[in-house]
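Peer 1: Those sequence lines, one after another, are chains A and B. For the first sequence, this note's numbering assigns the number 23 to the initial residue and increments by one for each residue that follows. For the second sequence, this note's numbering assigns the number 604 to the initial residue and increments by one for each residue that follows. The structure is given below, and queries will be raised subsequently.
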Amino acid sequence: MDDLDQLEAQSIFILREAYRKLKPLAMLWSLGKDSNVMLWLARKAFLGRVPFPVMHVDTGKKFPEMYQFRDEYTKKWNLELLLGDCPPVEDIDPTLPPAARSAARKTAGLAAMIDKYKLAGVIAGIRRDEQATRAKERVFSPRGAGHKWDVRNQPPEFWDQYATPHEPGMHVRVHPLLSWREIDIWRYVEREGIPLVDLYFAKDGKRYRSLGDQDITSPVESNATTVAEVIAELETSRTSERAGRAMDHESEDAFERLRVAGYL
Amino acid sequence: MSTIPTPAPQEAATPIVIVGHVDHGKSTLIGRLLYDTDSLPDGRVAQIIESSKKRGLAVEWSFLLDSLQIERDQGVTVDSTRIPFRLGTRQFVIVDAPGHRQFLRNMITGAADAEAAVLVVDANEGAQEQTRRHAMLLRLIGIRHVIVLMNKVDILDYDQKKIEAAERDVTALLHQLEIEPTVFVPASAREGDNMASRSDRMPWYKGPTLTEALAAVPAPSSRADLPLRLPVQDVYRFDTKRIVVGRIERGRIRVGDEIVIGTQGARARIATIESWHTAPQVAAIAGQSVAVTLEPDVIPDRGDFLYPASAAPLRAARIRTRLFWLRQEPLRVGESFRLRLATAEHQVTVAAIDSVVRLEDLTEHPAEEVPPEGFAEITLAVSETMLFDPFVPGTSDGRGVLVDRNQQIVGGAPLIGVAESVAGRNAIHPTGSAVSLWDRARAKGHRGGVFWMTGLPGAGKSTLARGAETRLFSRGIDVSVLDGDTLRAGLCSDLGFSEADRRENVRRAAAVARILAESGQVVIVALISPTIADRELARQIVGEGFHEIFIDTPQATCEQRDPKGLYAAARAGKIEGFTGIDAPYEAPVSPDLRLETANVSSDETAARLAAFIGDEIRPDEAAQRQQS
């Protein structure tokens, strides 16, 4: 088994644990590369099916290409799609810096969906190498009432034994991609031939390395027009993946505050 | 079209855990290592410099890891972090584990899967409490490759004699734990000596630098050549097929292989290996998550092992295990948990605490309890026979976790093996009586025994116990009654009605009953003991001669009788956690005797009870048993 085989086997194990232990369960589908890989892994785990709904928490500000992609593959992959709206930015904590405040709309939209569908488990495609506070996450990350992440009091997690609390009002965030790195995602996309939104590939010397809302995401300089070229670019890159995500950089703790409140 | 070739398959990353006492320099070491080996993205280095400046510090490499706000402000690592890291073509994942002892559970979260460890010791201070604690943990989780980094040697002026003296102390400590350190590297993480490049300030040192020592860590050994262990994770029914899924922990499967399933021992053949978006598969090896169909189409349960008939796992209902205990309260004999082992879950009770490690000098001692975050060897009694393999370093399935009623993991348990079956064997070493049970039985004309009455409040336990006591006593039988209220008035007056206190109440009653029974008495215990686990605990403490008697009175009848006015009080909300009202009562499934009291006089029932006890304590059998 090479490293991708091992990551794949581990993610499949995690997805099957979630499906067995958390009901009702849903998977977040942000339409980005990570959540497409995650969806692909679910189909591997369940032999071509996705036996739970996928959720798109729609900020209304995604790129048009992303909405097209969503509609095309919902049909192609036979997905049960749940859509949720986000509240207007005026409803969000005004003490947050502007981009973080905008991003926090998604937290509120997600919380509403979790409550609406009374979800016990939400599968999300975050990775440890994206951002330092994500590096501290658990594979099964219990969220208390109000969906708060209790950073100081995370459960022990080892030997593939995951916490599955069942108090009312709690849910578990499941992170099957936690151990993957950005380059692993791309190498897996290459190996498996997983379709992605075109925005990831260079047009006029720029491409998106990470996709969020249009107004708070910027492209990076790049000439990579194929998956293989992206991989080659990443092997020499020295900037971080989320450099184009405004809310990560506004203040030292902006992203941590977002995550404690339930952001991904 | 691109001309860039697809990268060759890569080895999986080797996880390395960094452990050591607080302030001995773990985070600094990692930050420095990543910087020296050019492993940091541009943004990160700038961020660290900025953060350090803001706090009026020189460049603080540990900020790289201590990225959470609270950590930066307090200067401590609160949780483990994983950082991918490359040396040449080899991938590593560095796990940083915090040194503060109350964070042991975070450390184990990071360290549990590591292939090798770097134990950081301040050469100036030597091994400290957490050095010992972490070294103990390395032993328990079976990490075989331990690189000792003697840090801060700049403070010792790079002096060979002083550094080697510090090394000898650490060697002695590790030898006590049967850990043979792979190498000692004298270094200064802050100054960069012997990290990624050789220090010219210690020409006497001929060993590897830290990066050379890491590069020499052997790759994880393959588990594919061991006998098959495939724990069933789930069973799906898709279309018309029944599909068994799970991850192969040891060995390999091939279509056509004969396998045995779980404790029930059904046999089947691997009919197909199912997959999606891969070439058709006929075989799979340890580490792979697979989906198989079986022929015949038997239905295993989650937790069942699939294994070859020629190499079955061990089978036992009492298991010895090592333990690292993560709860903030001590662990005592008699507590019950779920033991999660791979995908299986078993109901277990702590039958004995065999020894506890004293962290001051790492020696093992008998003890009554395992202290918070302590290390021990214990015996678990399993509610039914289970299959398992003893833990071997390099494998992943012979180690379980203990889970409490709130689904929280409270301990890690690498299994040692089958426990010898001695009832009531305890961490204490009781002095054996010179008077044999047979002598006692002959003198008294009857055997001792424990008759444990369980039932709802108001079921009639105490009344019946006293009635039977009178009858037996009049026949010359040495009999006594331990009743709940009497115990709580004296022996257990320090206990309340929390779950833990109720269990302790049961434990004490059982322990006293055992002592009395061993001295030849007949003991009737009248205690609500509402849960199956409570009574199982009592049965394990008492051992042979335990009889469970269920006083089966409908709740309505109990409530109508309400001799102590307790139901009325509970209904009025004056008592919380009252069994039968807002706390559950689990009736025995197969008691040794069931007495229904609703339509029978209590005299008649007491007579039946006395007759049953009389039969059970007849001396002839006891005498035969003793003589044989």
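For every residue, glycine included, the Cβ atom is placed at its ideal position computed from N, Cα and C. Remember, it's a predicted structure, so these values are computed and weren't measured experimentally.
Between which two residues does the beta strand (DSSP E) holding Asp-1206 of chain B run?
Peer 2: First-last for Asp-1206 of chain B: 1205-1219, but that is the alpha helix (DSSP H), not the beta strand (DSSP E).
Peer 1: When you compare only the Cα positions, how much space is there between Phe-162 of chain A and Leu-637 of chain B?
Peer 2: Between Phe-162 of chain A and Leu-637 of chain B, the C-alpha separation is close to 28 Å.
Peer 1: Start and end of the alpha helix (DSSP H) containing His-949 of chain B?
Peer 2: His-949 of chain B -> not in any alpha helix (DSSP H); beta strand (DSSP E) instead, spanning 947-961.
Peer 1: With DSSP as the reference, label His-197 of chain A as helix, strand or coil.
Peer 2: Three-state DSSP puts His-197 of chain A in coil, outside helix and strand.
Peer 1: Where does the unbroken alpha helix (DSSP H) through Val-282 of chain A begin, and where does it stop?
Peer 2: From DSSP, the alpha helix (DSSP H) with Val-282 of chain A extends over 276-282.
Peer 1: With a cut-off of 8 Å, do at least 3 Cβ pairs link the region 37-47 of chain A to the region 141-153 of chain A?
Peer 2: Touching, yes.
Peer 1: Using the three-state DSSP reduction, which class does Tyr-839 of chain B fall into: helix, strand or coil?
Peer 2: It is a strand residue.
Peer 1: Evaluate the contact criterion for the region 1093-1110 of chain B versus the region 1197-1212 of chain B: three or more CB pairs, one atom per stretch, below 8 Å.
Peer 2: Counting Cβ pairs under 8 Å, fewer than three are found: no touch.
Peer 1: What residue range does the alpha helix (DSSP H) around Trp-208 of chain A cover?
Peer 2: Trp-208 of chain A -> alpha helix (DSSP H) spans 204-214.
Peer 1: What residues match up with Asp-80 of chain A in a beta bridge as DSSP calls it?
Peer 2: Asp-80 of chain A pairs with A:Asp-107.
Peer 1: Give me, in chain order, the residues of the same chain whose beta-carbon lies closer than 6 Å to that of Arg-160 of chain A; leave out the 5 immediate sequence neighbours on both sides.
Peer 2: The residues are Gln-176, Glu-179.
Peer 1: His-169 of chain A: which of A:Thr-155, A:Ile-148, A:Lys-158, A:Ala-134 sits nearest, CA to CA?
Peer 2: The candidate whose alpha carbon is nearest that of His-169 of chain A is A:Ala-134.
Peer 1: Determine, using beta carbons only, whether Arg-1117 of chain B and Val-1145 of chain B come nearer to each other than 8 Å.
Peer 2: Yes, the Cβ-Cβ distance between Arg-1117 of chain B and Val-1145 of chain B is below 8 Å.
Peer 1: Does the distance between the C-beta of Glu-987 of chain B and the nearest non-hydrogen atom of the ligand NAD fall short of 7 Å?
Peer 2: Ligands are entirely absent from the displayed structure, and the ligand NAD is therefore not among its contents.
Peer 1: Excluding sequence positions up to five away, which residues of its chain have a Cβ less than 7 Å from the Cβ of Pro-1157 of chain B?
Peer 2: Taken in chain order, the residues that qualify are Ala-1201.
Peer 1: Using a Cβ-Cβ cutoff of less than 8 Å, which residues in the same chain neighbour Gly-1035 of chain B once the five nearest sequence positions on both sides are dropped?
Peer 2: Only weak support is given to the placement of Gly-1035 of chain B: the predicted model assigns it a pLDDT of 47, under 50, and the value that follows is read from those uncertain coordinates. Counting only Cβ-Cβ distances below 8 Å, and skipping sequence neighbours, we find nothing.
Peer 1: Note down the Cα distance separating Asp-25 of chain A from Val-1021 of chain B, rounded to an integer number of angstroms.
Peer 2: When rounded, the distance between both Cα atoms is 36 Å.
Peer 1: Just to confirm my understanding: we take Val-249 of chain A, look at its own chain, exclude 5 residues before and 5 after, and list those with CB closer than 7 Å. What are they?
Peer 2: Excluding positions up to five away in sequence, the list reads Trp-208, Val-211, Glu-212.
Peer 1: DSSP three-state call for Gly-1005 of chain B: helix, strand or coil?
Peer 2: Correcting the residue identity first, residue 1005 of chain B is Leu in this sequence and not Gly. Here Leu-1005 of chain B sits in strand by DSSP.
Peer 1: What is the DSSP secondary structure of Ser-570 of chain B, reduced to helix, strand or coil?
Peer 2: With chain B covering 604 to 1231 only, the question about residue 570 of chain B has no answer from this structure.
Peer 1: When we look at the beta-carbon of Glu-852 of chain B and count the other beta-carbons within 10 Å, is it buried (16 or more) or exposed?
Peer 2: By the neighbour-count rule (16 or more Cβ atoms within 10 Å), Glu-852 of chain B is buried.
Peer 1: Tell me the rounded alpha-carbon separation between Pro-969 of chain B and Pro-996 of chain B.
Peer 2: Taking the straight line from one Cα to the other gives about 26 Å.
Peer 1: Output the boundary residues of the beta strand (DSSP E) element that contains Leu-120 of chain A.
Peer 2: It is worth fixing the name first, because residue 120 of chain A is Pro in this sequence and not Leu. Careful: Pro-120 of chain A lies outside any beta strand (DSSP E), inside the alpha helix (DSSP H) at 120-138.
Peer 1: Since Asp-600 of chain B meets chain A, which of its residues come closer than 8 Å, beta carbon to beta carbon?
Peer 2: With chain B covering 604 to 1231 only, the question about residue 600 of chain B has no answer from this structure.
Peer 1: So Glu-987 of chain B is in the beta strand (DSSP E); what residue range does that whole segment cover?
Peer 2: Element bounds for Glu-987 of chain B: 978-991.
Peer 1: Give the residues from the region 165-184 of chain A that approach chain B closer than 8 Å (Cβ to any Cβ), ordered along the chain.
Peer 2: If the cut-off is 8 Å between Cβ atoms, the region 165-184 of chain A has Val-173, Arg-174, Gln-176, Pro-177, Pro-178, Glu-179, Phe-180, Trp-181, Asp-182, Gln-183 near chain B.
Peer 1: Under DSSP, the beta strand (DSSP E) around Ala-719 of chain B begins and ends at which residues?
Peer 2: That run of the beta strand (DSSP E) goes 719-725.
Peer 1: Does the region 804-812 of chain B touch the region 734-741 of chain B, meaning 3 or more C-beta pairs lie closer than 8 Å?
Peer 2: Judged by Cβ distances under 8 Å, the region 734-741 of chain B makes no contact with the region 804-812 of chain B, as fewer than three pairs qualify.
Peer 1: Assign Val-622 of chain B to buried or exposed, taking buried as 16 or more other Cβ atoms, counted over all protein chains shown, within 10 Å of its Cβ.
Peer 2: Buried: at least 16 other Cβ atoms inside 10 Å.
Peer 1: My output table needs one value for Arg-1074 of chain B: the three-state DSSP class, helix, strand or coil.
Peer 2: Three-state result, Arg-1074 of chain B: helix.
Peer 1: Tell me whether the beta-carbon of Trp-202 of chain A lies closer than 8 Å to the beta-carbon of Leu-29 of chain A.
Peer 2: Result yes, Cβ atoms of Trp-202 of chain A and Leu-29 of chain A sit closer than 8 Å.
Peer 1: For a contact defined as C-beta to C-beta under 7 Å, what are the partners of Val-848 of chain B on chain A?
Peer 2: Correct list: Arg-38.
Peer 1: Any idea what DSSP makes of Glu-781 of chain B, helix, strand or coil?
Peer 2: Coil, per DSSP.
Peer 1: May I ask you to list the residues that DSSP assigns as paired with Arg-10 of chain A?
Peer 2: In the structure displayed, chain A extends from 23 to 286; residue 10 of chain A sits before or after that span and is not available.
Peer 1: Taking 8 Å as the CB-CB limit, is Ile-1012 of chain B close to chain A?
Peer 2: Answer yes: the Cβ-Cβ gap between Ile-1012 of chain B and chain A drops below 8 Å somewhere.
Peer 1: So, Glu-770 of chain B versus Met-753 of chain B, is the Cβ gap smaller than 8 Å?
Peer 2: Yes, the Cβ-Cβ distance between Glu-770 of chain B and Met-753 of chain B is below 8 Å.
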